[in-house]
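No gaps in the numbering here: position 23 of the sequence shown is 260 in our numbering, and each next residue is one more. Take a look at the structure set out below.
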Amino acid sequence: MAPSTVAFSLVALSAVAAALPATPASQGFSLQQVAVPKGVARHPAAHLAKAYSKYGAAVPSNVAAAAAATGSVTTTPGQGEEEYITKITVGDATLNIDIDTGSADLWAFSSLTPASERKGHNYYKPGSSSKKLEGYTWDISYGDGSSASGDVYTDTVKVGGVSFDKQAIEAATKASSEFTQNTEIDGLLGLAFSSINTVSPKPQKTFFDNVKDYLSKPIFGVLLKHGAPGVYDFGFTDDSKYTGEITYTDVDDSEGFWSFTADGYSVGSSSEDSVSASESVTGIADTGTTLLLDDSIVDAYYKKVDGAEYDSSQGGYVFPSSTTPPDLSFKIGGYTATVPGKYIAFASVGSDQIYGGLQSNSGIGLSIFGDVFLKSQYVVFDSEGPQIGFAAQ
Ligand SMILES: C[C@@H](SC(=N)N)c1ccc(Cl)cc1
Ligand SMILES: C[C@@H](SC(=N)N)c1ccc(Cl)cc1
């Protein structure tokens, strides 16, 4: 159904233009709920900008700025830095969400989740601004064996001031214990490609797919940090968050992921440690996975870590607490992305052992550049290409 549109007179809208702040809106993009076409929650100036352009008139700078949304939201490391927690609003609920570039469903605990299962969680309550998609369902399973499923509504979602008022919200009717017992997060917001959204009978668009055409640029920037809050930037890149230049490389979205190839890797910072002529590594940029998972690297890496061993009781490679592990660098285009060895000293386990932040991906079928890698970089996810950009923090 074509969204209902309201004919605008240029005069009426130019009154809006006059009322706009002289300085372009640079942070959170708030919405005046002027009569705007349904589904696209955007500043009325967006229509004015479009009208100016349509009639070949120059778009005044304050109009252009207001028409192009940008927004930023803080993301905070959870317990043991296993995930990052971001506050968003869904309908009239404020939820702690795991933004996940490795999946494409926006789901949350809800008033439809049995009270025993949503204990300790904030949850979404379909309300006056919601519409139920009758007969639509969703059912998702994640790599760590966790899962959730339920019904589907549309409602207003706001992330860092960027808002969309017809976002598909997947309201959980059930969730596995990894979620019910993890009261740090109330759901996930997927930023992978909408092609892997699980809603049936019709897959729904991710939040980014819904808003990207109304952002200043159809991109989002990710700054996950070690031991400190970071940020998701929508519609712009913030050059105060990285050093040097951003190096972009192509993304293969054929499996619905932000998949890219590093031309090679090297262990340790000095040259004699480097694994010369290593093979390339193809993997996905995945904020929803904690570790860096790749089989081809683990052997070369842990060979260089005194006392490292595969400990089946711990379910992975561990090494003595007294060991300082070497850095791990990846060549991406002409850029070298370096993960400090201390990030690979991920967690204390057993007696006097450390569990490595680099583990095997055997059986997964793809390598994963998870949080252990991402927290050393500012990463730009660009839908045009698509491409992905990296710069050192
Ligand atoms: C793509 C991620 S899951 C996610 N980020 N939503 C993944 C897949 C398989 C394994 Cl084994 C572990 C993690
Ligand atoms: C994004 C998926 S996958 C993963 N991180 N391995 C996820 C996130 C959080 C929980 Cl509690 C369970 C699963």
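Backbone N, C-alpha and C define an ideal beta-carbon position, used for all residues, glycine too. None of these values were measured; they are calculated from a predicted model.
Item: Between the alpha carbons of G276 and G520, how many angstroms are there, rounded?; Value: Below a pLDDT of 50, predicted positions are generally treated as unreliable, and G276, at 39, falls in that range; no measurement from the model is reported.
Item: Give the DSSP-derived three-state secondary structure of N598 in the structure shown.; Value: coil
Item: When you compare only the Cα positions, how much space is there between G570 and V542?; Value: 27 Å
Item: Would you report the Cα separation of H463 and V399, rounded to the nearest angstrom?; Value: 26 Å
Item: Just verifying my parser: in three-state terms, what is the DSSP assignment at Q316?; Value: helix
Item: Under three-state DSSP, which class holds Y321?; Value: strand
Item: Pick helix, strand or coil for E546, following the three-state DSSP scheme.; Value: strand
Item: Which whole-angstrom value describes the C-beta separation of Q624 and D487, a residue pair presumed to lie in contact below a C-beta threshold of 8 Å?; Value: 6 Å
Item: Beta-carbon within less than 6 Å of L370's beta-carbon, same chain only, minus the 5 sequence neighbours each way: which residues are those?; Value: V389
Item: Following the continuous beta strand (DSSP E) through L425, name the residue where it begins and the one where it ends.; Value: 424-427
Item: Please name the residue in S384, L425, T393 whose C-alpha comes closest to that of K411.; Value: S384
Item: Is any heavy atom in ligand 1 found nearer than 6 Å to the beta carbon of T526?; Value: yes
Item: In chain order, what residues of the same chain have a beta carbon less than 7 Å from the beta carbon of T260, not counting five sequence neighbours either side?; Value: Its pLDDT being 35, under 50, T260 is placed unreliably by the model, and nothing is read from it.
Item: Does the beta-carbon distance from D335 to L452 come in below 7 Å?; Value: no
Item: May I ask which residues mark the beginning and end of the alpha helix (DSSP H) holding K579?; Value: 578-581
Item: DSSP three-state call for V436: helix, strand or coil?; Value: coil
Item: Let's test the definition: count the other Cβ atoms within 10 Å of the Cβ of D619 and tell me whether it reaches 16, buried, or not, exposed.; Value: buried
Item: Count the other C-beta atoms from every protein chain shown that fall within 10 angstroms of the C-beta of Q590, then say buried if there are 16 or more, exposed otherwise.; Value: buried
Item: Going by the CB atoms, is the gap between G593 and T527 shorter than 7 Å?; Value: no
Item: Grab me the residues of S533's own chain with a C-beta within less than 7 Å of its C-beta, minus the 5 sequence neighbours each way, in chain order.; Value: E516, V518
Item: Hey, could you find the ends of the alpha helix (DSSP H) S414 is sitting in?; Value: 414-417
Item: For ligand 1, any of its heavy atoms closer than 6 Å to the Cβ of Y554?; Value: no
Item: First and last residue of the alpha helix (DSSP H) that includes D446?; Value: 444-448
Item: Contact defined as beta carbons within less than 8 Å: I believe V468 pairs with L460. What is the distance between those atoms, to the nearest angstrom?; Value: 5 Å
Item: Inspect the beta-carbon positions of I581 and L595 and report whether they are closer than 7 Å.; Value: yes
Item: For ligand 1, is there a heavy atom less than 6 Å away from the beta-carbon of Y379?; Value: yes
Item: Just verifying my parser: in three-state terms, what is the DSSP assignment at V310?; Value: strand
Item: From the DSSP output, read off the bridge partner residues of N359.; Value: For N359, which the question treats as bridged, DSSP gives no partner whatsoever.
Item: Counting only runs that start and end within the region 337-405, where is the beta strand (DSSP E) found for 3 or more residues in a row?; Value: 343-345, 368-378, 384-396
Item: Residues in the same chain with beta-carbon distance under 8 Å from T484, minus the five sequence neighbours each way, listed in chain order, please.; Value: I569, G570, G571, Y572, G626, F627, A628
Item: Let me check understanding here. Comparing Cα to Cα, which of Y554, V617, L530 lies closest to G602?; Value: L530
Item: I'd like to know whether the C-beta atoms of T443 and D376 end up nearer to each other than 7 Å.; Value: no
Item: What do you get for E509, buried or exposed, if any count of 16 or more other CB atoms within 10 angstroms of its CB means buried?; Value: Because the pLDDT of E509 is 47, which lies under 50, any placement of that residue in the model is unreliable, and the question is left without a value.
Item: For the pair the region 312-326 and the region 475-483, tell me if three or more CB-CB distances fall below 8 Å.; Value: no
Item: Just to confirm the assignment, what range does the alpha helix (DSSP H) spanning Y479 have?; Value: Careful: Y479 lies outside any alpha helix (DSSP H) and carries neither H nor E.
Item: With 7 Å set as the bound, which would you pick, yes or no: does the beta-carbon of Y615 sit closer than that to a beta-carbon of chain B?; Value: Checking the listed chains, one finds no chain B in this structure; it contains a single protein chain.
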